[in-house]
Each structure stands twice: as C-alpha cells, then as structure tokens.
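These notes are about the structure you will find just below.
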Amino acid sequence: MTTNSMIYPAETDYGRLVDHENGLVNRAIFSDEKIYQLELQRVFARAWLFMAHDSQIPNSGDFFQTYMGEEQVIVTRGKDGGVNVMLNACRHRGAGVCKAHSGNTSQFMCAYHGWTYDLSGKLIGVPGFNELYEKKLNREELGLRKAAQVEIYRGFIFATMDPEAPPLQEFLGSAGLHMIDTLANYGDIEVVPGVIRHRLKCNWKLAMENDQDYYHVGVTHASAFEAWQLPRAEVNKGYWDKNTGDVILGEYGHVQDTMVGHHHANIFPHTCLFTDLLQCVVVRHPKGPGEIEQWYFTFVDKKASEQERREVIARNISRVGPTGMIEQDDGENWEYCTKGAKSAALQDVPFNYQMGLGAGSMVADGGNGFPVLQNGPRTTEEYARWQLRCWSEFMAADSWPDLVKKHSKPLVR
1 MTTNSMIYPA ETDYGRLVDH ENGLVNRAIF SDEKIYQLEL QRVFARAWLF MAHDSQIPNS
61 GDFFQTYMGE EQVIVTRGKD GGVNVMLNAC RHRGAGVCKA HSGNTSQFMC AYHGWTYDLS
121 GKLIGVPGFN ELYEKKLNRE ELGLRKAAQV EIYRGFIFAT MDPEAPPLQE FLGSAGLHMI
181 DTLANYGDIE VVPGVIRHRL KCNWKLAMEN DQDYYHVGVT HASAFEAWQL PRAEVNKGYW
241 DKNTGDVILG EYGHVQDTMV GHHHANIFPH TCLFTDLLQC VVVRHPKGPG EIEQWYFTFV
301 DKKASEQERR EVIARNISRV GPTGMIEQDD GENWEYCTKG AKSAALQDVP FNYQMGLGAG
361 SMVADGGNGF PVLQNGPRTT EEYARWQLRC WSEFMAADSW PDLVKKHSKP LVR
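According to UniProt numbering, the stretch in the sequence shown is residues 1 to 413, in order.
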C-alpha cells in the first residue's frame, strides 16, 4: 500500500483503512468525526460491553450508572434479583431519570415532568394520566429502552444493544473467558467503593493498544522505574526486556500478553483487565474522536483485611488515575498522538505498526486452549495490528450475522 492510497476518501471502504499485512494504518481512524459516529453504531452498539460487577449492585434497588458508547445507561438489581440495563432517557422528552452515579432506590423519576419508572424500566407513574391524557396513554409501551441482551459471567455484567449479537461467551471466546477467569480467580472478589474517573483528550483506540505496548515502557516510564528502583537488567535500550513477544489472540479483537505476573488483557472494544498487583478493570468510554473518560474499578477479595484493601487501593492511586505515576506519562503521549492524527499536512502518511511484522509462529494451543503468537523475548506490535484488523471488520460488517461469517480468526503458521 502506498501513502497516497492511505488518504481518507470521501466514500470510505472502512476495511481498507487498516492494512494489517503491511502494518500501516490510516491516521484518520483516530481523529475523523464521521468514522467515530459509525464506531458508535457498528462497534459500541454492537459489541458486548462491560457494565459493572455483581458486587456493585448486591441488593434489590441498587443501581450503577454507566455508558454504552455515549449512551448513558442505568444498571439495576430488580426486585426479582435480576439485572436490568436501561437507557437513562425518559420516554416523554428524553431527559435523564437518574442523576446519581450509584445508590439504592425503588423507582426513577424524571425531574422534568415527573414520569416515573420502576427498577425494571416499566412506566408506573404519569402526572395527569386521568385528567390530561384521559387514560389514553399506552404506558405499557413507554417503558425505558432496555439493552437488547444482558448476561453475567463470573460476576462481570455485560450488555449489548444488538439483538443479533451472539451469546456473551461466544463473543468472549476461550481467550476472553480466560482473561476474566484470571482476575476472578483471585477469590470471592468485589469492587472497592469509589470508581476512579478522569478525562483525557485522546482517541479510545490509542489508549487501548497501549495496554499491550511494552516498547514504550523503558522510555515513557523511565522516571517511574527510577523511583521504584526497578532492576536495570529489566530494561534494555529503552524497552521492556522480558518475554513480551508472546501474545494471546482472541476472536473479535481480544488480546492478552503472556508475561508471568504482569498480565494485561484487553476485551474488545474498550475494557482492560489488569490481573497483576493492580487488580483492576479499566474502561475507556468514548466522548468523541478525541476524548475519553477512563474509569478504574479496583477489586479485592471480600475476605481481605483492611490493611490488604488499603495496600491495593494505594497501589492503584500511585500508579494509575489522574495522579498516578504511570497514567500521567501515558495520557500525555496519547494526547500527542491524537493531535498528530489530526495533522492536515500528514493525512497522506499512515501510522506505522510494522514491528514484528511476519515474525513469530502462531500455535493453535499455547498451553491454555487458545491461540498464541509465539515470538520469544522480542516485543511485537501484532497485538495492535490484530485489534485494529478486528476493528475494521466491525466497521465493514453490515450486521452481526455478516460479522460472524467474515471475521478473522487467528491462523496457525
């Protein structure tokens, strides 16, 4: 592919924006508003998205507010013990019916005209129903819009807006299930109250690919290494000198490194599980092509002592979040890259993803029942090429049946 063919055309074949074979990516995918709007439809309204953890809504009436793409949704524990995921938008004029991040309630009332809904989203109260509507309003058809499907795996609540999406476990595949199992196996885990939230002026895909990027560690985080007194033998010429080349590749864009004790696992499109000492889940909610809101969920074993809880929380605060030694470094780079993606003078110049291109060998079973790209100690960018290839397939597919039929699968080579 030449640089000229990488210029973003007016009528775009979205599958052509990512040249997986040559490791070249059109920078428009990180900055273009039209592409972003289609992402909301074909990625975030289609994929299974992590909503919350069971431990955040243990009792009837508990709720937690989150997003599906840019759609604000409420996750509730119903009177029957079931989980509901509903759009936070009144069916009258679209105003929100819930303003709190989380809490416990028996109903949700719109602060505009007072329409009221129960925990399942059913419309149960309309001021003036008898006098003003003359009992003609069909309340049965005016409940809050619900997610098309909601499923729970080992306490992790997922939802999708697409009724044609395959079952959650099929979407996650053996690789995605393993990623959740790794964190869930820490014990009877629960989320520590208080989700860390902060915004960054960057594209969500740049933040996601960084989770598997060990090429940047020795340069970007050099000061953190020095502060933590990390053995210099682990850093070689500015990059992480460990067995960072082996990558677990899952269907639909899920990826995970294989470093012992440092697992970072990405569940496409926007969730990362840190199954190392951080014990947290990070969700990157898109707020436009050039902005995200990052949420950090910290997990501990329910049996953990107060001291153990404080240690886990302290580790997360010191490393990630708006004041963390790691996140500040990363966030600045993501913002610079997003600015670079907007450069008018460089729109014909693709981003380069050629490290490790064609190297390594893919084995069908890397020892855990899922495909692993074995690349030895050399770091690679195959994780990013794979995620973006799968992203382009989501964008090009007209429906879930089309995506299921045409999506890439890791091939043994």
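Ideal Cβ positions, reconstructed from N, Cα and C, are used throughout, including at glycine. These numbers were taken from a predicted model, which means no experiment stands behind them.
Name the two residues that bound the continuous beta strand (DSSP E) containing residue i.
i: ILE180; result: Taken as a continuous stretch (DSSP letters only), ILE180 belongs to no beta strand (DSSP E), being part of the alpha helix (DSSP H) at 168 to 184.
i: SER102; result: 102 to 104
i: LEU206; result: That residue, LEU206, is in no beta strand (DSSP E); its alpha helix (DSSP H) goes 204 to 210.
i: ILE35; result: Premise fails: ILE35 lies in the alpha helix (DSSP H), 33 to 39, not in any beta strand (DSSP E).
i: PHE268; result: Unbroken run through PHE268: none, as it is neither H nor E.
i: VAL83; result: 83 to 87
What would DSSP say about residue i, mapped onto helix, strand or coil?
i: TYR67; result: strand
i: TYR252; result: helix
i: SER399; result: coil
i: CYS390; result: helix
i: GLY245; result: Annotation note: pLDDT 49 at GLY245 (below 50); position unreliable, coordinate value reported separately. In the structure shown, GLY245 sits in coil (DSSP, three-state: anything other than H, G, I, E or B).
i: ASP118; result: coil
i: ALA233; result: Confidence at ALA233 is low in this model, with a pLDDT of 40, below 50, so its placement is unreliable and the value that follows should be read with caution. Helix.
i: ILE57; result: coil
i: LYS406; result: helix
i: VAL43; result: helix
i: ARG27; result: helix
i: VAL217; result: helix
i: GLU11; result: With a pLDDT of only 48 at GLU11, under the threshold of 50, the placement of this residue in the model should not be trusted; the figure read from the coordinates follows. GLU11: coil per DSSP, three-state reduction.
i: ARG154; result: coil
i: ALA384; result: helix
i: TRP240; result: Annotation note: pLDDT 45 at TRP240 (below 50); position unreliable, no value reported.
i: VAL52; result: First, the residue type needs correcting, since residue 52 is Ala and not Val in the sequence shown. The answer is strand: DSSP assigns ALA52 an E or B state.
i: ARG16; result: helix
i: residue 414; result: As displayed, the chain neither begins before 1 nor continues past 413, which places residue 414 out of reach and without an answer.
i: LEU144; result: coil
i: ASP62; result: strand
i: PHE274; result: strand
Considering only their Cβ atoms, is the gap separating residue j from residue i smaller than 7 Å?
i: HIS285; j: TYR36; result: no
i: ALA396; j: TYR153; result: no
i: VAL255; j: GLN212; result: yes
i: ILE29; j: LEU40; result: no
i: LEU200; j: ILE317; result: no
i: PRO163; j: ALA148; result: yes
i: GLY125; j: GLY143; result: no
i: ALA341; j: ARG27; result: yes
i: PRO410; j: LEU249; result: yes
i: VAL75; j: ALA95; result: no
i: PRO269; j: VAL25; result: no
i: VAL312; j: VAL320; result: no
i: ARG42; j: PHE297; result: no
i: TYR336; j: ALA384; result: no
i: GLY253; j: GLN387; result: yes
i: GLY358; j: ILE267; result: no
i: VAL247; j: LEU373; result: yes
i: GLY322; j: SER31; result: Looking at the sequence provided, one finds Pro at residue 322 rather than Gly. No; because the gap between Cβ atoms is not below 7 Å, this pair is not in contact.
i: GLN279; j: HIS198; result: no
i: ASN88; j: GLN72; result: yes
Shortest alpha-carbon distance to residue i belongs to which of the options?
i: ASP188; options: LEU168, GLY155, ARG197; result: GLY155
i: ARG77; options: GLN279, GLU71, GLN65, VAL195; result: GLN65
i: TYR54; options: ARG139, LEU119, GLU151; result: Rather than Tyr, the amino acid found at residue 54 in this sequence is Asp. Answer by Cα proximity: GLU151.
i: GLU140; options: VAL195, ARG91, GLU33; result: ARG91
i: GLU327; options: SER392, HIS216, LYS79, PRO289; result: HIS216
i: LEU403; options: GLU71, TRP334, ALA165; result: ALA165
i: VAL219; options: ASN333, ASP80, GLY356, GLY103; result: ASN333
i: GLY331; options: SER174, ASN104, CYS202; result: CYS202
i: LEU123; options: ASN104, LEU132, GLU134, VAL97; result: VAL97
i: PHE63; options: CYS280, SER399, HIS101, MET179; result: HIS101
Taking the DSSP output, what are the residues bridged to residue i?
i: PRO286; result: ILE292
i: GLN149; result: THR160
i: GLN72; result: TYR67
i: GLU129; result: The sequence as given places Phe at residue 129; Glu does not occur at that position. Note: PHE129 sits in no beta bridge, so no partner.
i: VAL192; result: None; VAL192 has no bridge partner.
i: ILE124; result: In DSSP, ILE124 forms no bridge with anything.
i: ARG77; result: VAL83
i: THR298; result: CYS280
i: VAL97; result: Partner(s): none; VAL97 has no beta bridge.
i: ARG91; result: Partner(s): none; ARG91 has no beta bridge.
Mind checking which residues open and close the alpha helix (DSSP H) that includes residue i?
i: CYS337; result: 325 to 341
i: VAL312; result: 306 to 319
i: LEU357; result: Run containing LEU357: none; DSSP gives neither H nor E here.
Is residue i a contact residue of the ligand ATP, with contact defined as CB to any heavy atom under 6 Å?
i: LEU177; result: No copy of the ligand ATP occurs in the structure displayed, which carries no ligand at all.
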